[in-house]
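Asks: Residue numbers (the working numbering): 1159 to 1210.
Note that CB positions come from ideal geometry on N, CA and C, so glycine has one too.
These numbers come from a predicted model, not from an experiment.
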(Lines of atoms letter the chains of each structure in order from A and count residues from 1; the text may use other names and numbers.)
(Lines give C-alpha, C1' and ligand atoms only; values in the text may rest on other atoms or scores of the structure.)
Protein backbone atom coordinates (compact mmCIF):
# COMPACT_ATOMS: atom_id res chain seq x y z
CA UNK A 1 0.00 0.00 0.00
CA UNK A 2 1.36 3.41 -0.93
CA UNK A 3 0.78 6.12 1.68
CA UNK A 4 1.58 9.82 1.60
CA UNK A 5 5.02 10.85 2.88
CA UNK A 6 5.13 10.64 6.68
CA UNK A 7 1.89 8.64 7.00
CA UNK A 8 1.71 5.19 8.56
CA UNK A 9 -0.83 2.53 9.49
CA UNK A 10 -1.44 2.95 13.21
CA UNK A 11 -4.06 0.23 13.75
CA UNK A 12 -5.94 -2.54 11.95
CA UNK A 13 -9.16 -4.06 13.24
CA UNK A 14 -10.65 -7.25 11.77
CA UNK A 15 -14.13 -8.35 12.91
CA UNK A 16 -13.75 -6.15 15.99
CA UNK A 17 -10.38 -7.63 16.96
CA UNK A 18 -7.29 -5.38 16.91
CA UNK A 19 -4.37 -6.92 15.02
CA UNK A 20 -0.63 -6.43 15.41
CA UNK A 21 0.56 -4.09 12.66
CA UNK A 22 3.80 -5.36 11.15
CA UNK A 23 5.36 -6.06 7.76
CA UNK A 24 3.74 -9.52 7.52
CA UNK A 25 0.14 -8.31 7.94
CA UNK A 26 -2.02 -8.86 4.85
CA UNK A 27 -5.08 -6.63 4.70
CA UNK A 28 -8.40 -8.31 3.94
CA UNK A 29 -11.74 -7.03 2.71
CA UNK A 30 -13.64 -5.22 5.47
CA UNK A 31 -10.53 -4.60 7.59
CA UNK A 32 -10.73 -1.23 9.31
CA UNK A 33 -7.48 0.70 9.20
CA UNK A 34 -6.36 3.82 11.02
CA UNK A 35 -3.75 5.92 9.24
CA UNK A 36 -1.90 8.76 10.95
CA UNK A 37 0.39 11.34 9.45
CA UNK A 38 1.15 15.02 9.05
CA UNK A 39 -1.97 17.12 8.60
CA UNK A 40 -0.81 18.49 5.23
CA UNK A 41 -0.33 14.94 3.87
CA UNK A 42 -3.76 13.67 4.92
CA UNK A 43 -7.07 14.09 3.06
CA UNK A 44 -9.80 16.30 4.48
CA UNK A 45 -12.22 14.59 6.90
CA UNK A 46 -14.69 12.50 4.90
CA UNK A 47 -12.48 12.34 1.79
CA UNK A 48 -11.01 8.96 0.78
CA UNK A 49 -7.37 8.27 1.54
CA UNK A 50 -5.10 8.33 -1.54
CA UNK A 51 -4.01 4.69 -1.39
CA UNK A 52 -3.07 4.38 -5.08
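By DSSP, does residue 1197 sit in helix, in strand, or in coil?
Replies: Locating residue 1197 in the chain shown gives position 39, where the first residue counts as 1. Note: residue 1197 maps to helix in three-state DSSP.
Asks: Between the alpha carbons of residue 1197 and residue 1159, how many angstroms are there, rounded?
Replies: On the chain shown, position 39 is the one that residue 1197 refers to. On the chain shown, position 1 is the one that residue 1159 refers to. In a straight line, the C-alpha of residue 1197 is about 19 Å away from that of residue 1159.
Asks: Express the C-alpha separation of residue 1184 and residue 1204 in angstroms, rounding to a whole number.
Replies: Counting from 1 along the chain shown, the entry for residue 1204 is found at position 46. Counting from 1 along the chain shown, the entry for residue 1184 is found at position 26. Taking the straight line from one Cα to the other gives about 25 Å.
Asks: Can you list, in chain order, the residues of its chain with a C-beta nearer than 6 Å to that of residue 1192? Leave out the 5 residues immediately preceding and following it.
Replies: Residue 1192 sits at position 34 when you count from the first residue of the chain shown. The residues are 1168 and 1169.
Asks: If you follow the beta strand (DSSP E) that residue 1171 is in, where does it begin and where does it stop?
Replies: Taking the chain shown and counting its residues from 1, one reaches residue 1171 at position 13. It spans 1166-1172 - the beta strand (DSSP E) in which residue 1171 sits, taken as one unbroken run.
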